[in-house]
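Numbering follows the numbering used here, in which position 448 of the sequence shown is assigned residue number 999; successive positions increment by one, without gaps. The C-beta atom is built at its ideal place from N, Cα and C for all residues, glycine as well. I have placed the structure first, in the form of structure tokens, so that the comments after it can refer back to it.
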Amino acid sequence: MNEVGLPKLLRRPDRALLSRLADSAAATDGAVTTNEQFLDWLSRRWWAHAQQVRPTRLDRMADWYVEPRTGDLRHTSGRFFSVEGLRVRRGDGPVPDWDQPVIVQPEIGLLGLLVREIGGLLHLLMQAKAEPGNLGGIQLAPTVQATPSNYDRVHGGAAVPYVGHFLAPAPERVVAEVPLPGPGPWLAQGRNRALVVEAGPEVGAGPDFCWLTLGQVNALLRQPNLVSADARTVLSTLPDWHVDADTSDADTSDADDPYAAAETDRWIARCGAAHQATVERTALSRVAGWNPSPSGLADRSGLLFDIVAVDVRSARREVPAWSQPLLRPHRPGTAALLVKEVGGVPRLLLGAHPDPDRPGRVALGPTVRSTPDPYTDPRTPCLDAVHHAPPERVLFDTELSEEGSRFHHARTRHLVIDASALPDGADGRHHWVSLPGLHRLLDRGHRLDAEARTLLAALRAVR
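Okay, structure coming up:
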């Protein structure tokens, strides 16, 4: 069992499932929803989900209050999430210590995806979902994305569609089940459970849902700010339909090479020792470098993010109106993954950075991770390889939005770059790991951050 008590994903599923996933990935048009029909459906959903999102004052948010002693923002139910203070003492990196607000979500969210075979092809049940922080209104989300507060109906609204398929699924129906960390230093705790379940022929698509092949969803990843962060995360947990080809030659896979595996383990241990940090919760009223006001909490430097308050009205959500705080970054981020093939097996140049939820340990990330937070070191030597990559070496380059239920217009440019011309050697902050080797690390409980999971899904889509 892993850290949150969920069974680990078996990274070598039966060949029949891999073959079905491969067939679905190769199908760029669906047996249920053609590409033309999808665009028509998406347009109709866009009009149906039109939201009104208006700024308000922190002290005027319905069902929220400012805790008098600490200044923390809390929901009157005691559920959902809160905004508190965080104090980090790190000792390395460009900023050795700092204070910041942080969204605290103690509940384990559910990210559920139903799949079903239709017309001889596996299809994914995707949802058109509007969140108050989304860019462009609706995004393509997994079948279910909800915290227990949502599907327990603490808000007193409507039930979450399809959630019953994920609360106690039959083991033979589970395609993937993976515990996931939250999106880094913006959100404390904030863990999720990704669950992919195969449905039977009795399951249909409601008005806000459509069946798409894996190939169709992979193609939509290239559309800016369309496939949601939660959908990308769930896609990364699917069994890798390339796995048989990748592991056919043991000499090219550090999953099967004890020496290469030991080198990777030693690199992770060295990074964990180098990235010692003390992370402690503090009162929001005590965070240094932030200016409180009735309209929000502003970052004095103008470089990171603000906490703002919004009133939301929606005709297609579980409740028609609500208020909430959002974290609003000041600038977009960049996440890039350098890859090369050795013996037909992709090798990824991974980076490591402090894991705020687990002191003394690191999360595995992409080669370059430039986000608006103090964890980022802009001096990484791999930046030149990213900034000066010739166009023919850029395999994937798309701006994609972050989680719109907590973050306002947060977006990151994601790149996958062919680094075949680069030598195998790497600096101490980075390490080449084969794709099967990465699966080995994930099976052993190592954590892959949100940006790396998006890039893993993108890499599979372009292979």
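- Per DSSP, F717 is one residue of the alpha helix (DSSP H) stretching across 715 to 718.
- The beta carbons of G622 and L835 sit about 4 Å from each other, so the pair counts as a contact at 8 Å.
- The distance from the Cβ of L665 to that of A697 is about 14 Å, inconsistent with a contact at the 8 Å cut-off.
- In this structure the region 585 to 605 does not touch the region 827 to 841; the number of beta carbon pairs closer than 8 Å is below three.
- Counting C-beta pairs with one atom in each stretch, the region 774 to 792 and the region 810 to 818 have fewer than three that are closer than 8 Å, which means they do not touch.
- In this structure, DSSP gives F958 an extended state, which the three-state scheme calls strand.
- Distance from the Cα of Q827 is smallest, within the candidate group A914, G884, W737, V893, for A914.
- For R879, the enclosing beta strand (DSSP E) has its first and last residue at 872 to 880.
- Secondary-structure assignment with DSSP links N743 through a beta bridge to G660, L731.
- Under the three-state reduction of DSSP, F589 is assigned to helix.
- Taking C-beta atoms as the reference points, V1013 and L901 fail to come closer than 8 Å.
- Taking all protein chains shown into account, L590 has fewer than 16 neighbouring C-beta atoms within 10 Å of its C-beta and is therefore exposed.
- If you draw a 10 Å sphere on the C-beta of P987, you find 16 or more other C-beta atoms in it, and that means buried.
- Nearest in C-alpha terms to A903, of all of Q588, D978, S952, is D978.
- Within the DSSP secondary-structure output, Y616 pairs in a beta bridge with R625.
- Considering only L1010, A866, L877, E831, the residue with the shortest C-alpha distance to R898 is L1010.
- Within the region 806 to 872, the runs of alpha helix (DSSP H) that reach at least 4 residues and sit entirely inside it are, in chain order, 809 to 825.
- Boundaries cannot be given for R944, as no alpha helix (DSSP H) includes it and DSSP labels it neither H nor E.
- Apart from the 5 residues on each side of it in sequence, P712 sits with its Cβ closer than 7 Å to the Cβ of G757 in its chain, given in chain order.
- In this structure V634 is buried. Its beta-carbon is surrounded by 16 or more other beta-carbon atoms within 10 angstroms.
- Pairing L738 with R1004 gives a Cβ-Cβ distance that is not under 8 Å.
- The C-beta distance from G894 to S921 rounds to 31 Å, too long to fall under 8 Å, and the pair is not in contact.
- For the set W592, T833, T829, E1002, the Cα lying nearest the Cα of P652 is the one of T833.
- A Cβ-Cβ distance of about 25 Å is found for the pair L777 and L889, leaving them out of contact under the 8 Å criterion.
- Sequence-distant partners of A970 (beyond 5 residues in either direction) whose C-beta falls short of 7 Å from its own C-beta, in its chain, are L889, V890, K891, L900, A936.
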